[in-house]
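Working notes for the structure below.
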Amino acid sequence: MSMVYDEYGRPFIILKEQQAKGRVKGLDAVKSNILAATSISKILRSSLGPKGMDKILVSPDGDVTITNDGATILERMHVDHQVASLMVELSSSQDDEIGDGTTGVVVLAGSLLEQAEKLLAKGIHPVRIAEGYERAADVAIERLNAIADTVDFSEDNVEPLVTTAMTTLSSKIINVNKRKMAEISVKAVLGVANLERKDVNFDMIRMEGKPGGSLEDTELVNGIVIDKDISHPQMSKTIKDA
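Quick note on the working numbering: the sequence shown kicks off at 247 and runs consecutively.
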């Protein structure tokens, strides 16, 4: 640290970069990272499950978003901490790969970190704790494979898919119309799915939101939607066999 004076005699204190911020090492650094990650988990904990509460998010521009979807909440948050941002990426990856469980995966990770903190307090090395979690994951996967059932469906019998889709919509704001939304979702996925390769190109499915109306007005369009206003009132609004 050094002090200098400007041309008017006013003092300025110059701090070196390493003096401006403290460096945390060892167990204190681990606990600090756990605290940052569990803070994100606690924010989402109240939004978990069918009885979870919605959260109101207000952007700097004044846009209001009401949701209990974990991925949406974390996406709207501005997280600067490096470890806390990993929780945001965890929820985003869950949404991209599975499409559901974005809140549960963050709450589960936060709970595991809380238990890890208790083990750290007992003097157990972090590497041993990580190895224990890896063994526990292997046991959980083995058990899930043992109790898993195969759901048979076909293009003529899509009721199992609709039922599965409805369970994922139970905690969303559209749960009142979850039957219709589930049927639309299943039809959209089957329309672009390759059942032989068990592959779905989700890039071929697009959702467009329009103000006004209600959720019951939602419909599936098999084709291309051109969102453009008519330039003259005498133009045809409907063209068949174009």
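We treat Cβ as the ideally placed atom computed from N, Cα and C, and that holds for glycine.
inquiry  = Within the continuous alpha helix (DSSP H) that includes L303, where are the two ends?
reply    = Numbered from its first residue, the sequence shown carries residue 303 at position 57. Per DSSP, L303 belongs to no alpha helix (DSSP H); it is in the beta strand (DSSP E), K301 to V304.
inquiry  = Which residue wins for smallest C-alpha separation from V432, given the options D395, M412 and G356?
reply    = Residue numbering aside, residue 432 sits at position 186 when the sequence shown is read from its first letter. Checking every option, the nearest Cα to that of V432 belongs to M412.
**Straight-line Cα distance separating S285 from P406** = In the sequence shown, counting from the first residue as 1, residue 406 sits at position 160. In the sequence shown, counting from the first residue as 1, residue 285 sits at position 39. When rounded, the distance between both Cα atoms is 38 Å.
**Q.** Option in K271, S477 and T414 with minimal Cα separation from I344
**A.** Walking along the sequence shown from the start, residue 344 turns up at place 98. The residue with the shortest Cα to Cα distance from I344 is T414.
Original post:
Apart from the five residues on each side of it in sequence, which residues of its chain come closer than 6 Å, Cβ to Cβ, to I430?
Top reply: Here residue 430 refers to the residue found at position 184 when the sequence shown is read from its first residue. Around I430: L466.
I believe V385 touches L436 by the beta-carbon criterion, under 8 Å. Please report the beta-carbon distance rounded to the nearest angstrom. The residue labelled residue 385 in the question sits at position 139 within the sequence shown. The residue labelled residue 436 in the question sits at position 190 within the sequence shown. Going by Cβ atoms, the distance from V385 to L436 rounds to 36 Å, so no, they are not a contact pair.
Using only the alpha-carbon positions, how far apart do D445 and A394 sit? For the purposes of this step, residue 445 is taken as the residue at position 199 of the sequence shown. For the purposes of this step, residue 394 is taken as the residue at position 148 of the sequence shown. Using only the alpha carbons, I get a separation of about 21 Å.
Distance, L332 Cα to I485 Cα:
Residue 485 sits at position 239 when you count from the first residue of the sequence shown. Residue 332 sits at position 86 when you count from the first residue of the sequence shown. So the alpha carbons of these two residues sit roughly 50 Å apart.
- Helix or strand or just coil, what does DSSP make of T311? Working through the sequence shown from its first residue, we reach residue 311 at position 65. Note: T311 maps to strand in three-state DSSP.
Notebook entry, point to check: With distances taken from CA atoms, which of N440, T409 and V438 is nearest R425?
Noted result: Looking up residue 425 in the sequence shown gives position 179. Checked all of N440, T409 and V438; the closest Cα to R425 is T409.
Under the three-state DSSP convention, the category D445 falls into: For the purposes of this step, residue 445 is identified with residue 199 of the sequence shown, where counting begins at 1. D445: strand per DSSP, three-state reduction.
inquiry  = Rounded to the nearest angstrom, what separates P372 and V310 at their Cα positions?
reply    = For the purposes of this step, residue 372 is taken as residue 126 along the sequence shown, with counting starting at 1. For the purposes of this step, residue 310 is taken as residue 64 along the sequence shown, with counting starting at 1. P372 and V310: Cα-Cα distance of roughly 41 Å.
_Please report the straight-line C-alpha distance between I280 and A392, rounded to a whole angstrom._
By one-based count along the sequence shown, residue 280 stands at place 34. By one-based count along the sequence shown, residue 392 stands at place 146. Distance between the alpha carbons of I280 and A392: 33 Å.
Please identify the residue among E377, V353 and E454 whose C-alpha is closest to the C-alpha of Q496. Outside the modelled stretch of the chain, which goes from 247 to 488, sits residue 496, for which no answer is possible.
First and last residue of the alpha helix (DSSP H) that includes A367?
Here residue 367 is taken as the residue at index 121 of the sequence shown, counted from 1. Note, A367: alpha helix (DSSP H), T348 to A367.
Point to revise | Segment limits, alpha helix (DSSP H) that includes A282 | key: Here residue 282 corresponds to residue number 36 of the sequence shown, with the count starting at 1. Run containing A282: G272 to R291, per the alpha helix (DSSP H) assignment.
What did DSSP end up calling A394 once you bin it into helix, strand or coil? Mapped onto the sequence shown, residue 394 falls at position 148. Note: A394 maps to coil in three-state DSSP.
Q.
Going by DSSP, what residue range makes up the alpha helix (DSSP H) through Q480?
A. Residue numbering aside, residue 480 sits at position 234 when the sequence shown is read from its first letter. Taken as a continuous stretch (DSSP letters only), Q480 belongs to no alpha helix (DSSP H), as it is neither H nor E.
- Query: By how many angstroms is the C-alpha of P479 removed from the C-alpha of N421?
  - Reply: The residue you call residue 421 lines up with position 175 of the sequence shown. The residue you call residue 479 lines up with position 233 of the sequence shown. Approximately 39 Å, taken between the alpha carbons.
Exercise. Does the beta-carbon of S293 have 16 or more other beta-carbons within 10 angstroms, so that it is buried, or is it exposed?
Worked result: The count along the sequence shown starts at 1 and reaches residue 293 at position 47. The residue in question, S293, is buried, as its Cβ has 16 or more Cβ neighbours within 10 Å.
| message | For the segment 297-308 against the segment 269-277, do three or more pairs of beta-carbon atoms, one drawn from each stretch, fall closer than 8 Å, so that the two count as touching? | response | no
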